[in-house]
Amino acid sequence: MFEIDAGHWAAVIGDVVGKGPAAAAMMGLARYTIRTAAMSETRPSRILGTLNEAILRQAGDQRFCTACCLRILRRDEDTRVTVSSGGHPLPIVLRADGTLGTAGSPGTLLGVFEDPTLSDDAVDLGPGDALVLYTDGVTDERRGEEEFGERRLAEVLAGLAARSAQEIADALLAEVVAFRSDQARDDIALLVLRVSP
Amino acid sequence: MSGFEVRSEVRNGVATVVLAGELDLASAPDAERRLLEFERMGVGEIVLDMRPLEFLDSTGLRMVLAADSRARGEGRRLCLVPGPDPVHRVFRLALLDHRLEFVDPPKEADDA
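So the protein sequences, as listed, match chains X and A.
What the first sequence shows, in my numbering, is residues 274 to 470, in sequence order.
What the second sequence shows, in my numbering, is residues 78 to 189, in sequence order.
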């Protein structure tokens, strides 16, 4: 998450396929490409499009990443978030009253196709509303044959409305860790943004 | 953690590779090896049957994408039989359900 100019922020969450040096290299590429692209491009879909191209040029071996890019504009009391997803789970909107929804629409994962389908969708957040971004390590976590899954994620989040961003992230992570039966299956990343109530 | 199994056969020039269990970082190389064997044999069509798959992670997805890319580059057909919802969801979420060639399940005339 970084500030572009006053009242104007960008936030990104992503997941790189695989582990090890090649994955770390792609993570580096993604970080600086996004930071640079965000200076000249305001639309999150364009930022992800630039990242798509950068990966294609560098790798070209079906090594891909998924990412969700947000542009956050605060003007007085209003917070407008523009969301673009490149193959990444859609952010969950957790309203102050506990209502749940998703933001954005599915987009093509990044680094494989020359012509990814990427879109920009806006969501307005009111006081106390939160946006929860996560990687599939959350929903893929298992207890035996049972998956943590999107439904359990929604149930947990519904009970966390009106809590602070830090509390939401801590409580969700604790639920996921308590759920799994053995070692973590995948990395987990969480990013929770909340408009002050 | 449940296991992984690859079964395959060639009939009338079409190779069918059935993936069962969990296709992830640990098992993707096994699946890929089997696909590469058929590719080297020069079969014109490979059917990747994911119906018995219980789990697919990004490494598994990459294996499928790489096979699709090789197939397109080498003029071969790679048909994918979608897995159960948790598996197919991975393709849908990445908007791959229209970019890859998903087909209906083959008829199982002699299914044991």
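Ideal Cβ placement from N, Cα and C applies to all residues, glycine included.
Because the structure is a prediction, the values reported are computed rather than measured.
Short CB-CB distance (under 7 Å) between residue i and chain X
i                      : result
residue 189 of chain A : Confidence at residue 189 of chain A is low in this model, with a pLDDT of 44, below 50, so the placement of that residue is unreliable and no value is reported for it.
residue 157 of chain A : no
residue 133 of chain A : no
residue 171 of chain A : yes
residue 136 of chain A : yes
residue 146 of chain A : yes
CB contact check: residue i to chain A, cutoff 7 Å
i                      : result
residue 411 of chain X : no
residue 390 of chain X : yes
residue 453 of chain X : no
CB contact below 7 Å: residue i versus chain D
i                      : result
residue 382 of chain X : Among the protein chains of the structure shown, namely X and A, there is no chain D.
Where residue i meets chain X, residues with beta-carbon distance less than 7 Å
i                      : result
residue 143 of chain A : 335
residue 129 of chain A : Chain X residues near residue 129 of chain A: none, gap ~14 Å exceeds 7 Å.
residue 176 of chain A : 386
Chain-ordered neighbours of residue i on chain A, where CB pairs are closer than 7 Å
i                      : result
residue 265 of chain X : The structure shown does not extend to residue 265 of chain X, since chain X is modelled only from 274 through 470, so no value can be given for it.
residue 420 of chain X : 163
Partners in chain X for residue i, counting only beta-carbon separations shorter than 8 Å
i                      : result
residue 139 of chain A : 290, 291, 335, 336 and 337
residue 102 of chain A : 291 and 292
Where residue i meets chain A, residues with beta-carbon distance less than 9 Å
i                      : result
residue 362 of chain X : 170
Closer than 8 Å at the beta carbon, the chain A residues around residue i
i                      : result
residue 459 of chain X : 134
Where the alpha helix (DSSP H) through residue i begins and ends
i                      : result
residue 146 of chain A : 135 to 151
residue 302 of chain X : 294 to 313
residue 113 of chain A : 105 to 118
residue 126 of chain A : Not the alpha helix (DSSP H): residue 126 of chain A falls in the beta strand (DSSP E), residues 122 to 126.
First through last residue of the beta strand (DSSP E) which encompasses residue i
i                      : result
residue 430 of chain X : No beta strand (DSSP E) contains residue 430 of chain X, which is instead part of the alpha helix (DSSP H) from 422 to 431.
residue 281 of chain X : 281 to 289
residue 395 of chain X : 394 to 398
residue 320 of chain X : Residue 320 of chain X -> not in any beta strand (DSSP E); alpha helix (DSSP H) instead, spanning 317 to 331.
residue 467 of chain X : 463 to 467
Identity of the residues DSSP links to residue i by a beta bridge
i                      : result
residue 351 of chain X : X/348
residue 365 of chain X : X/375 and X/405
residue 88 of chain A  : A/91
Using a Cβ-Cβ cutoff of 9 Å, what residues of the segment 369 to 381 of chain X are near chain A? List them in chain order. 379, 380 and 381
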